[in-house]
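Peer 1: The following block contains the structure, expressed as structure tokens.
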Amino acid sequence: MCGIVGYVGSDTKAKDVVMNGLRRLEYRGYDSAGITLYNARFRIFDTYKDIGRVEHLAQISKLAMPSTIGMGHTRWATHGAVTKNNAHPHSSQSGRFIAVHNGVIENSDELKKQYLSDIYFSSDTDTEVIIQMIEKLSIQMSVENAISTTLKLLEGSYALLIIDTHNPETIYAGKNKSPLVLGSSKDGHIIASDIMALSDYCDSFVALKDETFTVVHDNRAHFFDLNHQLIEPEYLKIDNDFYQAEKGEFEHYMLKEIYEQPSVIRRIISRYLLDEKDEIDEHIAQQIELSNRLYILAAGTSMHAGYIGKFLFEKYAHKPAEVHIASEFAYGQPWISDKPFYIFISQSGETADLRACLTKIRKTDAKVLTITNVKTSTLAREADFSVDLLAGPEIAVASTKAYVAQIAILAILADKIGAGLDIKASLNRVALVMDKLLKEQKISEIVKEKLVKRNCFYIGRECDYYTSLEAALKLKEISYIQAEGFAAGELKHGTIALIEKNTPVIALIGNRELSAHTRSNLKEVIARGAQPIVIAMRNASLSSDDIIVEDVHEALTSMIMVVPTQLIAYYAALDRDLDIDKPRNLAKSVTVE
Ligand code: F6R
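With the first letter of the sequence shown counted as 1, position 394 gets the number 385 in our numbering; the numbers rise by one all the way through.
Printed below as a string of structure tokens:
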């Protein structure tokens, strides 16, 4: 993944712009960070980099001179271990070219062997291959040609910023598959992985297209394809309010985002369900009606929302739907119906596995809808239709409010094709019940008392099973407790062997009709020493249950059942004193396959 940001302009604010940008891009990776800034007095670039977070970089670079040009990087390691040497920026052998890069160059070893066997490499990164190629080619051709020729040779993904120290007031930027946007302000340009890094300074931006590059100099940006033909950029307005997010009174973004869920649902109702202004393109429902099978593609948490979507479309709207792991669908050979309609679910709208699916689907004439929280994201732009989740910026790496918004949107779409969910009233009720639950919750005590082991199981049936998958993922990713979600009836077919004294088993009982079955499965594990925790809807509850949530429409119980599980994950991580908003090894936007 990684986040990159560069500034070139007439103001000496490069360091502030780049550091602020890196802070906002840290969700993309936080193994190591680096910055390079032009020191006009000595006509050199000062580079600072180290393993660790952006705040550490701020410390080690605090004496850097004010500068009008600079660029930085926050890393999520792909090629090469997390070391200072592998941290970006990287330089070419002579030091003439400097680059920061997000992406993976799949043929870097071949390029190194074929063209660069005489070059000394100081890191294990694929990025260094790019910059060494540019230096080598620039001996025989102009820098722009050396860049475009190099970019043509690359296989894989890149969002790349390059500085030629012989011409220090210019930034070159190239893009393929990894996101890259350029924002313009009155004193200069900012180029970054995400609009978040521009929004404090710019009102408009251009999303660079794949296999293009831009040259930014003298307060102008020129855009080219890889044959060096000029292309016309399309400037779009930045919705600056969207990108403002502060923790406020909350200790962590994750907790804040959990508590924002009722207001997200109300925002969705007010934008999509008030009769006078339904902002969802009416063609989406038509396409769903016309298709004979829906293919829901997503990864991780978004895929779990996809399962709930399948449940809603099939059980209530009688529309067949399949859910596929994006990375499997992209290269597998699943049977596809003769009238498919694809629904991509992605909070970031940048997930590389989904982009690979899109490449495959584009060879057919099927249509694609992207449901995303970033309406300007790559997948929103490249799909035929998109629906904005309206969840507001989700800063914590673990997704919570975007997940609930995804289910709300899927429910609205199912309702549009006849699911009969009385959707406006039902979503209003969910928001109300969620408010109450969040006000009264006592989950931290339950976690302290009962979640004492290194492992844990969630069980449930039908859509409680899907929620149990999401609940287990959330617990794993932020508390590092080994957790698994199971269909309640399936545990006895093998996994029950793992149950020992005090193993926590959390039963989700949102479905009254199936509650007796789930409770029997719970008894099976209690008989083997498990520590049970029961989360139940009021109409399926027993007074002894640990957490009882008020009833909502039976189709939407998963929206409410997931909330206690988000809080369980949060308090388990808090108890263990972990970095809740930035769990280890993860990143919010997964732009590598
Ligand atoms: C977990 C989480 C991830 C993402 C997954 C897909 O909390 O957020 O599992 O859901 O990486 O990302 P998006 O939704 O951006 O496509």
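Every residue, glycine too, gets a C-beta built ideally from N, C-alpha and C.
(1) State whether the stretch 486 to 498 contacts the stretch 521 to 541, with contact taken as three or more CB pairs (one from each stretch) at a distance under 8 Å.
(2) Confirm, please, whether the CB-CB distance from P224 to T369 is below 8 Å.
(3) Classify K310: buried if its beta carbon has 16 or more other beta carbons within 10 angstroms, exposed otherwise.
(4) Using only Cβ atoms and a threshold of 5 Å, which residues come within that distance of a heavy atom of ligand 1? Order them by chain position.
(5) Closer than 8 Å by C-beta to N512: which residues in its own chain qualify, once you throw out the five before and the five after it? Chain order, please.
(6) Under 6 Å Cβ to Cβ from R44, same chain only, skipping five residues before and after it: list those, please.
(7) Which residue or residues does DSSP assign as beta-bridge partners of L447?
(8) Let me know if E17 comes out buried or exposed under the rule of 16 or more other beta-carbons within 10 Å of its beta-carbon.
(9) Considering only the alpha carbon of each residue, which of D109, L128, S1, L152 lies closest to C(-7)?
(10) Looking only at C-alpha atoms, which of T361, G147, G63, A357 sits nearest to G94?
(11) What separation, rounded to the nearest whole angstrom, lies between the Cα atoms of K4 and G300?
(12) Taking just the CA atoms, how far does L460 sit from G476?
(13) Per DSSP, D379 forms a beta bridge with which residues?
(14) Would you decide whether Q105 is buried or exposed? Buried here means 16 or more other CB atoms lie within 10 Å of its CB.
(15) In whole angstroms, what is the alpha-carbon distance linking V134 and I125?
(16) Mind reading off the beta-carbon distance from E453 to L505? Whole number of angstroms is fine, and I expect it under 8 Å.
(17) When the Cα atoms are used, what is the spatial distance from Q473 to C447?
(18) To the nearest angstrom, how far is it from the Cα of G63 to the Cα of L547?
(19) Per the contact definition of three or more C-beta pairs closer than 8 Å, is the stretch 36 to 56 in contact with the stretch 71 to 88?
(20) Is E545 near ligand 3 - that is, is its Cβ less than 7 Å away from at least one heavy atom of it?
(21) So who's on the other strand from Y39, going by DSSP bridges?
(22) Take every Cβ of the stretch 370 to 386, pair it with every Cβ of the stretch 336 to 344, and state whether three or more of those distances are shorter than 8 Å.
(23) Counting only the same chain and skipping the five closest in sequence on each side, list residues whose C-beta sits under 8 Å from that of V73.
(24) Measuring straight from C-alpha to C-alpha, what distance separates I122 and K351?
(25) Considering M124, what are the terminal residues of the alpha helix (DSSP H) in which it resides?
(26) Give me the residue from V388, A164, L381, A531 with the minimum Cα distance to Q397.
(27) Skipping 5 residues on each side, what residues in its chain have a beta carbon closer than 7 Å to that of V468?
(28) Assign D413 to one of two classes, buried (16 or more other C-beta atoms within 10 Å of its C-beta) or exposed (fewer than that).
(29) Less than 8 Å between the CB atoms is what I'm expecting for K75 and K40, so what's the real figure, rounded?
(30) Is G409 helix, strand or coil by DSSP?
Peer 2: According to the data block:
(1) Yes, the stretch 486 to 498 is in contact with the stretch 521 to 541.
(2) No, Cβ-Cβ distance for T369 and P224 is not below 8 Å.
(3) In the assembly as shown, K310 is a buried residue. Its beta-carbon has 16 or more other beta-carbons within 10 Å.
(4) Those residues, listed in chain order, are A290, G291, T292, S293, S337, Q338, S339, T342, A389, S390, V581.
(5) Around N512, the same chain offers I450, A479, G480, L482, K483, A498 as residues with beta carbons nearer than 8 Å, after the five sequence neighbours per side are excluded.
(6) Here the set comprises Y21.
(7) Per the sequence shown, the amino acid found at residue 447 is Cys instead of Leu. Note: C447 is bridge-paired with A474 in the DSSP secondary-structure output.
(8) Burial call: buried.
(9) Ranking the options by Cα distance to C(-7), first place goes to L152.
(10) Nearest of T361, G147, G63, A357 to G94, Cα basis: G147.
(11) Taking the CA atoms as reference points, K4 sits about 47 Å from G300.
(12) For G476 and L460, the gap between their C-alpha atoms comes out near 4 Å.
(13) According to DSSP, D379 bridges with T363.
(14) It is exposed - the Cβ of Q105 has fewer than 16 other Cβ atoms within 10 Å.
(15) Approximately 8 Å, taken between the alpha carbons.
(16) Contact between E453 and L505 holds, with the beta-carbon distance rounding to 6 Å and staying under 8 Å.
(17) In this structure, the alpha-carbon of Q473 lies about 6 Å from that of C447.
(18) If I take the Cα positions, the gap works out to 44 Å.
(19) Taking a cut-off of 8 Å for Cβ pairs, the stretch 71 to 88 and the stretch 36 to 56 touch, as three or more such pairs fall below it.
(20) Ligand 3 is not part of the structure shown, which contains ligand 1 as its ligands.
(21) Its beta-bridge partners are I26.
(22) Because the criterion of three Cβ pairs below 8 Å is met, the stretch 370 to 386 and the stretch 336 to 344 touch.
(23) Result list for V73: D22, S23, I42, R66, in chain order.
(24) Looking at the two C-alpha atoms, the distance is approximately 31 Å.
(25) In the DSSP assignment, M124 falls within the unbroken alpha helix (DSSP H) covering 117 to 129.
(26) It is L381.
(27) A small correction: the amino acid at residue 468 is Glu; Val does not occupy that position in the sequence shown. Cβ neighbours of E468 within its own chain (closer than 7 Å, five residues either side excluded): A389, P574, L577.
(28) Exposed, by the Cβ-count rule.
(29) Going by Cβ atoms, the distance from K75 to K40 rounds to 6 Å, so yes, they are a contact pair.
(30) Coil, per DSSP.
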